[in-house]
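Asks:
Numbering (the UniProt record's numbering), first residue to last: 1 to 202.
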């Protein structure tokens, strides 16, 4: 059983399900809301665009446009920008262009928390699992290398081959010579011919 591969696939399936669930919640929470839709008001004091979160603000803008005290600009992504009309037509156009160019920054700021919710838990789970596996591998017995096992097997086979039929190790020399002694030991004894010569000389 391959625990590493099984846990990896389990983590991958859980991570995909988690990301899909977070994405569904994010789509439901951000649909039709800032920064993907809704009303923004230009603040000359802050030189920025302030989101308007109340439905009554839309009615105020409509009434302001009708009375000529609000300049309204609608954009293709569903957002609306309200600004004072006394800023001049040219400046209003530059403000509208700037608002449209900054849409990706506003979207990134809105999506960043959801991206963190989608990515951080699976990453923490992956790191925790890898840490546990690393600890578990420390208790696993160390397997002998393949070369060592093969060398030990060959040595055992040589020992079996060197044993005699009765299981005793074979002699390293010939014991079938006269006297049952190895030749180099017998050569240490007195030579019969030399003994006869010495006897004749006495």
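The beta-carbon is built from N, C-alpha and C at its ideal position, and this holds for glycine as well.
1. For residue 42, name the three-state secondary structure that DSSP assigns.
2. Could you check the C-alpha separation between residue 63 and residue 40 for me, to the nearest Å?
3. Helix, strand or coil: which one does DSSP assign to residue 48?
4. Please say whether residue 18 and residue 85 have beta carbons closer to each other than 7 angstroms?
5. Taking all protein chains shown into account, decide if residue 139 is buried (16 or more other Cβ within 10 angstroms of its Cβ) or exposed.
6. Do residue 70 and residue 82 have their C-beta atoms closer together than 7 angstroms?
7. Just reading off the beta strand (DSSP E) that residue 76 is part of, what are its end residues?
8. By DSSP's criteria, residue 72 is part of a beta bridge. Which residues make up the other side?
9. Figure out for me which residue from 131, 124 and 115 has the closest Cα to the Cα of residue 23.
10. First and last residue of the alpha helix (DSSP H) that includes residue 106?
11. What first and last residue would you give for the alpha helix (DSSP H) that runs through residue 88?
12. If I measure Cβ to Cβ from residue 77 and keep anything under 8 angstroms in the same chain, skipping five residues before and after, which residues do I get?
13. When we look at the beta-carbon of residue 132 and count the other beta-carbons within 10 Å, is it buried (16 or more) or exposed?
14. Below 7 angstroms between beta carbons: does that hold for residue 96 and residue 73?
15. Go ahead and label residue 42 buried or exposed: buried means 16 or more other beta carbons lie within 10 angstroms of its beta carbon, across all protein chains shown.
16. Pick helix, strand or coil for residue 155, following the three-state DSSP scheme.
Replies: Answer, in terms of the structure:
1. strand
2. 16 angstroms
3. strand
4. One thing to note: residue 85 has its Cβ no nearer than 7 angstroms to the Cβ of residue 18.
5. exposed
6. Taking 7 angstroms as the cut-off, the beta carbon of residue 70 is found closer than this to the beta carbon of residue 82.
7. Where residue 76 is concerned, there is no enclosing beta strand (DSSP E), given that its DSSP letter is neither H nor E.
8. According to DSSP, which records beta bridges pairwise, residue 72 is partnered with 82.
9. 115
10. 103-138
11. From DSSP, residue 88 is part of no alpha helix (DSSP H); its letter is neither H nor E.
12. 36, 37 and 103
13. Within 10 angstroms of the beta-carbon of residue 132 lie fewer than 16 other beta-carbons, which makes it exposed.
14. yes
15. buried
16. helix
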